[in-house]
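So the structure is just underneath, and the comments pick up after that.
There are 2 protein chains.
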Amino acid sequence: MAKNTKSSSALHEKKGVSESEITNKDSIETIKKRRRHQPSAEALAQGIIKGDITYLSRAITLVESSNPLHLEKANTIIKHCLPYANKSVRIGITGVPGVGKSTFIEAFGSQLTTNGKKVAVLAVDPSSSLTKGSILGDKTRMEDLVKDPNAFIRPSPSGSSLGGVARKTRETIILCEAAGFDTIIIETVGVGQSETAVHSMVDFFLLLKLAGAGDELQGIKRGIIEMADTIVINKADGDNLKAAKIAKVEFNRALHLYPAKASGWQPKVTLCSALQQEGIDTIWDIINDYVEATQKNNYFEHHRNEQNKFWLLQTIEDRLKSDFFGDSKIKEALKSQLELIENGKTTPFAAAEYILSL
Amino acid sequence: MAKNTKSSSALHEKKGVSESEITNKDSIETIKKRRRHQPSAEALAQGIIKGDITYLSRAITLVESSNPLHLEKANTIIKHCLPYANKSVRIGITGVPGVGKSTFIEAFGSQLTTNGKKVAVLAVDPSSSLTKGSILGDKTRMEDLVKDPNAFIRPSPSGSSLGGVARKTRETIILCEAAGFDTIIIETVGVGQSETAVHSMVDFFLLLKLAGAGDELQGIKRGIIEMADTIVINKADGDNLKAAKIAKVEFNRALHLYPAKASGWQPKVTLCSALQQEGIDTIWDIINDYVEATQKNNYFEHHRNEQNKFWLLQTIEDRLKSDFFGDSKIKEALKSQLELIENGKTTPFAAAEYILSL
């Protein structure tokens, strides 16, 4: 199409978008200047340790990048931050869509900052690259927390694989801790394998439920109830309160059917109304009790070590598989061996032997 | 201790064990002669294809051996048998101890042979090397079936790893099919991961239950109920009958909560009394309906191919891992990196990168 200099048609009305009047020109200049100036990994790490949120955000962007140079820089930053990390309570929060996660995190996070805590809210949602961020994408749903100077909210890193998203989130936790955040909340949607991944990176796992939602079987089946350190029945207000109280009794009964947890902790069921800001303080008390009990019996430390070990082995196994099956010779052999299997000419074990011998 | 020629003490009464009078000396000679003569892989395969049970047993012993020469011979036999295999219905049977598996298999298997079927009964029990065969070890519990010329019973191969036991059983299935067995029953105990392994090698999965056993939650949690193509409530006789009927309604309700199966099959719940030999024919009808329906919609063939693919990938992944982590250099590096992680000097991801770079 030829370049149009005249706006003779309605299609070309937008010759230039006029600048919004509320845009602060000074801020734009500051941001542009910062962009031009690329601080070193060391400078970024030092900024993070001093609690500089801009530097924290930039480092997280490097962690989330797929550019190998960025990853190298991110690794250096993390290395510098590590001695300042780990001093936090990491809380996983899950629940099916509609359970009120955003409202809950808004109420819970605000109460924590009121009590002097510094709260980072992260998310794990591998589907977000498709749905353009179904959770935490819309920060307006947490309008108090987003303005709170003691809160830091970061949407889910994008990525097609849960493994990639999980790695990015785990490294972001370290950066946030180094920046002085003492309470890390990791939100995930109540579907797929994301909950297991989040469970393996937090100290305390909180399951949000609604009374009478009828998804108990799903929760039991997928092992979510088993992972919970506390079940919070949300929207326990108004006409819902009676049903919520019944649900509390039922969940308590269900929880007692499970064998004792390695942490020695008996999961608690509690009611809350995030909307009415009721029952929130009880939840923080429960988490404090948990941390105290597990630090006393050394489970807290032990559990973090086990998680690190799990992620180390998981990362190695993922790479062994992707390296092996990514090889074009193996791909071809796999294809032809699968054909032989389909035609009954070989067994899976003989085929595996052959492929491994290449 | 000095050799005692005189049986002067009660401790030395057994100077020699006298031969049992029921031992047939001719049989011993025949067995010894056969042992001395080692038939070739080809001869064994030909014997199996002709339906020679002795040759079948010997080939299975080779499959189960840990001697590499035996394994090589076993692979040759399997290769010769493959074109004659796969023409069977493979049925997995599970249930917790005490549910009456042996009695059920005795009644079910006997009914099948009466109807002209040739039935092989195998078992997967990785714990059997410790417990000396908790299932199918004691063939006397199936005294009719063990004498039936159209039945072949083989206890679980021993082995410390489920993967090894599963491989041996899958290859034994092929040998049994080549020997003309058209119905393969694979029994497993209702604990651990064995059920998942058996599920991935059969066409039809049968779950034996008792009324009011109270282990429903466990079954749901471990995904066993989800795997079942039919739930058979055993011991539905006498005073138990009423409870069994109630359990049938409950299991039917629970099954309807699950999403539809890929096979298009809606799992059935049925009652039986293996002891009274009641309800057994219904079970065979259900299995026949299943086979007919899934052969019609091509799921039967598709499912077997998927199973083979699964075992191919599983075998490769297991070997990649055991080869990698078995390397002494990797072992050492893993140990030191784990220490660095414990002391907060590195992250799981950086440690994995390092170990993978060795």
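Residue numbers (full-length UniProt numbering), protein chains in the order written: chain A, 1 to 358; chain B, 1 to 358.
The beta carbon of each residue, even a glycine, is placed where N, CA and C say it ideally should be.
Only a predicted model underlies this, so the values are computations on that prediction, with no experimental measurement involved.
Asked, Found
"Any idea which residues DSSP pairs A293 (chain A) with across the strands?", "Beta-bridge pairing links A293 (chain A) to no other residue."
"Against P348 (chain A), what residues of chain B qualify as contacts under a CB-to-CB distance less than 7 Å, listed in chain order?", "N308, W311, L312, T315"
"Would you kindly work out how many angstroms separate the C-alpha atoms of E187 (chain B) and P97 (chain A), rounded to a whole number?", "41 Å"
"Taking 9 Å as the CB-CB limit, is P157 (chain A) close to chain B?", "no"
"At the 9 Å Cβ level, is N67 (chain B) part of the contact set with chain A, yes or no?", "no"
"If residue 394 (chain A) sits next to I60 (chain A), beta carbons under 8 Å apart, how far is it from one beta carbon to the other, in whole angstroms?", "Limits of chain A in this structure are 1 at one end and 358 at the other, which puts residue 394 (chain A) out of reach."
"With distances taken between CB atoms, is the gap from T183 (chain B) to A107 (chain B) smaller than 9 Å?", "no"
"Is F349 (chain A) helix, strand or coil by DSSP?", "helix"
"Please confirm whether N252 (chain B) and G95 (chain B) have their CB atoms less than 9 Å apart.", "no"
"Go through its chain and collect everything with a Cβ distance to K73 (chain B)'s Cβ below 6 Å, but skip five positions before and after it.", "A41, L62"
"To which residues of the same chain is V291 (chain A) closer than 6 Å at the C-beta, ignoring the five residues directly before and after it?", "V89"
"Let me know if L257 (chain A) comes out buried or exposed under the rule of 16 or more other beta-carbons within 10 Å of its beta-carbon.", "exposed"
"Buried or exposed, going by whether 16 or more other CB atoms sit within 10 Å of the CB of K248 (chain A)?", "buried"
"Would you verify that the beta carbon of N150 (chain B) is, or is not, closer than 9 Å to some beta carbon of chain A?", "no"
"Judging by CA-CA distance, which residue of B:R319, B:D327, B:S65, B:G326 is the nearest neighbour of F324 (chain A)?", "B:R319"
"Give the straight-line distance between the Cα atoms of K261 (chain B) and E250 (chain B), rounded to the nearest whole angstrom.", "19 Å"
"Using beta carbons (cut-off 9 Å, strictly below), is A351 (chain A) in contact with chain B?", "yes"
"Excluding the 5 residues preceding and the 5 following H199 (chain B) in the sequence, name in chain order all residues of the same chain whose CB lies nearer than 8 Å to its CB.", "G92, F205, M227"
"At the level of alpha carbons, what is the spacing between residue 368 (chain B) and A274 (chain B)?", "Here chain B covers residues 1 to 358 and nothing more, so residue 368 (chain B) does not appear."
"Which same chain residues, not among the five before or five after G47 (chain A), have their C-beta less than 6 Å away from its C-beta?", "Y55"
"Using 8 Å as the threshold, is the stretch 299-317 of chain A in touch with the stretch 339-356 of chain B, meaning 3 or more CB pairs across them?", "yes"
"Counting only the same chain and skipping the five closest in sequence on each side, list residues whose C-beta sits under 8 Å from that of T270 (chain A).", "T230, I231, V232, I233, K248, G279, T282, I283, I286"
"Between which residues of its own chain and K329 (chain A) is the CB-CB distance below 8 Å, once the five residues before and five after are set aside?", "L358"
"Bridge partners for residue 369 (chain A) per DSSP, in chain order?", "An answer regarding residue 369 (chain A) cannot be provided, because it is not within the stretch 1 to 358 covered by chain A."
"Pick out the complete alpha helix (DSSP H) segments inside the stretch 262-342 of chain A, 4 residues or longer, and give them in chain order.", "280-296, 299-326, 328-342"
"List the endpoints of the continuous alpha helix (DSSP H) containing R253 (chain A).", "241-256"
"Would you say F324 (chain A) faces chain B, with C-beta separation under 9 Å as the test?", "yes"
"Anything in chain B within Cβ reach of G238 (chain A), meaning under 7 Å, just list it in chain order.", "Those do not exist, as G238 (chain A) stays about 29 Å from chain B at its closest Cβ, beyond 7 Å."
"Shortest alpha-carbon distance to I173 (chain A) belongs to which of A:P155, A:G159, A:S161?", "A:P155"
"Which whole runs of the alpha helix (DSSP H) in the stretch 43-113 of chain B are 4 residues long or more, in chain order?", "53-64, 68-81"
"Just mark I224 (chain B) as buried or exposed, buried being the case when its beta carbon has 16 or more other beta carbons within 10 Å.", "buried"
"What separation, rounded to the nearest whole angstrom, lies between the Cα atoms of K79 (chain A) and L71 (chain A)?", "12 Å"
"Excluding the five sequence neighbours on either side, which residues of its own chain have a C-beta within less than 6 Å of the C-beta of N150 (chain A), listed in chain order?", "T113, K118"
"By a C-beta neighbour count over all protein chains shown, 10 Å radius and 16 as the cutoff for buried, is I135 (chain A) buried or exposed?", "Interpretation of I135 (chain A) is limited by its pLDDT of 49, a score under 50 that renders its predicted location unreliable; the figure taken from the coordinates is listed afterwards. I135 (chain A) is buried by the Cβ-count criterion."
"Beta-carbon within less than 7 Å of T131 (chain A)'s beta-carbon, same chain only, minus the 5 sequence neighbours each way: which residues are those?", "Here T131 (chain A) scores only 43 on pLDDT, less than 50, and its place in the model should not be relied on; the value that follows carries that caveat. Within the same chain, T131 (chain A) has no close Cβ partners at all."
"Does any residue of chain B bring its CB to less than 9 Å from the CB of N305 (chain A)?", "yes"
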